[in-house]
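>
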Amino acid sequence: MSIGVDLQLNSVYFPDVNNGYVAGKNALTLHGVIFQTINGGSAWSALSIGKAPQLNSVYFPDVNTGYAVGDSGTILKTANAAGIAWTALSSGTKRMLNAVFFTDDLTGYAVGDTGTIIKTTNGGTSWTPLTTGTANRLTSVYFTRADTGYVVGYGGTALKTTNGGTTWLPMSIGINNQLNSVHFPNVSTGYIFGTGGIVIKTTNKGDTWSPVSAGQDNYLSSGFFTDVNTGYTVGGNSEGGNMMETSNGGSSWSPVSIGAVSYLSSVYFSDANHGFAVGNNTVYGVVLRWGE
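Note that my numbering has the sequence shown beginning at 1, numbered continuously upward.
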């Protein structure tokens, strides 16, 4: 479905099966946008966020509390209002922030350009820069435990922490492609998605990684697994947007019919049966929904 003209949608997140949010920008004004659904994606409403810059990622640690991050170090927060009211937070950086993840209501991480990782332990009131050892653009962050997290980015950058971000160590993944998304369906098994149709997999918490082909030379922007075997990845190529699915842990992938979509940027499942992908189709912001 189209939810508006001149929209570029970059991120989708559902804290439960009914309540969901997408974030991006208005391609004409270049201001950030957030849309909300309260009925599982049947209808979407634009939320008032002021003249924020482009937003690249949205995350809700619970149904009432959410964060969105974007260009120029932008961080927005909503609390106890189910997304209706958003407040700008001070991130302490002007770097573009590309992804955000919270391990609980108070502790969260945002990653971005020039190796930026910042952390909050007080629900976003203050943010502390962390030492990463890289100057590459970081694109995605995922934590499997309160102390164990993974970050990926440009130039084949893949980092892991086991102490809540105090130190980040590079993982050996054997490729230099641009990496756009990291997702773990459990504490041991994880997947990284990138350009050139790259999908790599670990079954031992990132100690070793092995390539699993997504079957096409696509730009893979996002990936999500509902369990260790069932997963989806979205992106695009010169022919338009695409989606692939696997039911055997990435050993083989099959295309999913999505119709005429220019590009898909983010995929998320609220549970094993309800999934969403967002992107754009020429000048329209697109939300795809499937499930029972």
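For each residue, glycine too, the CB sits at the ideal point set by N, CA and C.
Taking C-beta to C-beta, are D147 and G123 nearer than 8 Å?
Not a contact, by the Cβ cut-off of 8 Å.
> What is the DSSP secondary structure of S181, reduced to helix, strand or coil?
Of the three classes helix, strand and coil, the one that applies to S181 here is strand, per DSSP.
> Which parts of the region 239 to 285 are runs of the beta strand (DSSP E), unbroken and 3 residues or longer, counting only runs that do not cross its ends?
Those beta strand (DSSP E) runs which fall completely within the region 239 to 285 and span 3+ residues are 240 to 246, 263 to 271, 274 to 281.
> Report yes or no: do three or more beta-carbon pairs, one from the region 201 to 213 and one from the region 260 to 268, lie closer than 8 Å?
No, the region 201 to 213 does not touch the region 260 to 268.
> Using 8 Å as the threshold, is the C-beta distance between G153 and T139 below it?
Going by C-beta atoms, G153 is nearer than 8 Å to T139.
> Per the DSSP calculation, L76 is bridged to which residue(s)?
For L76, which the question treats as bridged, DSSP gives the partners A68, A88.
> Restricting to Cα atoms, I'd like to know which of D6, L7, S11 is closest to V234.
Comparing Cα-Cα distances from V234 to each of D6, L7, S11, the minimum goes to S11.
> Tell whether a beta-carbon distance below 8 Å holds between V58 and Y13.
Closer than 8 Å, so yes.
> I'd like the list of long-range same chain contacts for S222, defined as Cβ closer than 6 Å, with 5 residues on each side in sequence excluded.
S181, V234, S266, V267, listed in sequence order.
> Short of 6 Å in beta carbon distance, which residues of its chain neighbour I192, apart from the five on each side in sequence? Order them along the chain.
Only V152, L179, V182, I200 meet the Cβ criterion.
> Please identify the residue among N176, K77, T121 whose C-alpha is closest to the C-alpha of R137.
The residue with the shortest Cα to Cα distance from R137 is N176.
> Under 8 Å Cβ to Cβ from T65, same chain only, skipping five residues before and after it: list those, please.
These residues qualify, in order along the chain: K77, T78, A79, N80, D105, G123.
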